[in-house]
Amino acid sequence: MSRFLRFWFPVVLWALVIYMFSSKPTGTASYIDWQDFILKKSAHVVVFGTFATLVYRALKESGADKVSAGYLAILAAIVYGILDEIHQSFTPGRGSTFRDVIFDTIGAVLAIYLIWKRLPKMPPRLRRWAKDFQLI
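Numbering-wise (this note's numbering), the sequence shown opens with residue -2 and increments by one.
As structure tokens, then:
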């Protein structure tokens, strides 16, 4: 049971963090439109990249092979991104856009790409950290 909590609790916790942020009306990150856009869409990429990373780790440590865990983590991020947009459509001061799901997907794909292709080629210290975090 503690192994299950160790790997799946962070996924649930991060999903709750996303849900809580989606429950609040959004403000303006910058009064310059393009800066506001870049900041908000970058946040989607980082937040859902983190979500995909946590799901990947939990799946991999639950017995899934690396490839299946990666594809399922991307799928989980896309599904949760869609659910997040549906939730935002009912939240006052928020809007729901398909474009945000695209940025969520970009974040998930980028995270898995970095784990699979770039992380194994990183300096030893970073690889050791990734191994300790059970990503590789």
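Think of the CB as a built atom: it goes at the ideal place given N, C-alpha and C, for glycine as much as any other residue.
Quick caveat, the model's predicted, so the values are computed rather than measured.
Which of helix, strand or coil does DSSP assign to residue 137?
Any property of residue 137 remains undetermined from this structure, which presents the chain solely from -2 to 133.
When the Cβ atoms of the region 60 to 68 are set against those of the region 5 to 25, are three or more pairs found closer than 8 Å?
no
Tell me whether the beta-carbon of residue 127 lies closer than 9 Å to the beta-carbon of residue 112.
Sequence index remark: in the sequence shown, residue 127 carries index 130 (1-based). Sequence index remark: in the sequence shown, residue 112 carries index 115 (1-based). For residue 127 and residue 112, yes; Cβs fall inside 9 Å.
Within 9 Å, strictly: CB atoms of residue 75 and residue 50:
Along the sequence shown, read from residue 1 onward, the residue named residue 75 stands at position 78. Along the sequence shown, read from residue 1 onward, the residue named residue 50 stands at position 53. Their beta carbons are not under 9 Å apart, which means residue 75 does not touch residue 50 by this criterion.
Contact belief for residue 42 with residue 92 at Cβ below 8 Å, rounded distance in angstroms:
For this step, residue 42 is matched to residue 45 along the sequence shown. For this step, residue 92 is matched to residue 95 along the sequence shown. So it is not a contact: roughly 18 Å between Cβ atoms.
Output the distance between the C-alpha atoms of residue 132 and residue 106, rounded to the nearest integer angstrom.
Numbered from its first residue, the sequence shown carries residue 132 at position 135. Numbered from its first residue, the sequence shown carries residue 106 at position 109. Cα to Cα, the separation comes out at about 15 Å.
Length of the line joining the Cα atoms of residue 124 and residue 114
Sequence index remark: in the sequence shown, residue 124 carries index 127 (1-based). Sequence index remark: in the sequence shown, residue 114 carries index 117 (1-based). Approximately 12 Å between the Cα atoms of the pair.
Is the beta carbon of residue 88 less than 9 Å from the beta carbon of residue 20?
Taking the first residue of the sequence shown as position 1, residue 88 is located at position 91. Taking the first residue of the sequence shown as position 1, residue 20 is located at position 23. A contact, by the Cβ cut-off of 9 Å.
To the nearest angstrom, how far is the alpha carbon of residue 68 from that of residue 77?
The residue labelled residue 68 in the question sits at position 71 within the sequence shown. The residue labelled residue 77 in the question sits at position 80 within the sequence shown. When rounded, the distance between both Cα atoms is 14 Å.
Proximity below 9 Å, CB of residue 37 to CB of residue 23
Position 40 of the sequence shown, counted from the start, is the residue given in the question as residue 37. Position 26 of the sequence shown, counted from the start, is the residue given in the question as residue 23. Yes, Cβ-Cβ distance for residue 37 and residue 23 is below 9 Å.
Tell me the start and end of each unbroken alpha helix (DSSP H) in the region 48 to 117 that is at least 4 residues and wholly inside, in chain order.
63 to 86 and 95 to 110
Hey, could you find the ends of the alpha helix (DSSP H) residue 7 is sitting in?
If you number the sequence shown from 1, residue 7 lands on position 10. Counting along the chain, the alpha helix (DSSP H) containing residue 7 begins and ends at -1 to 19.
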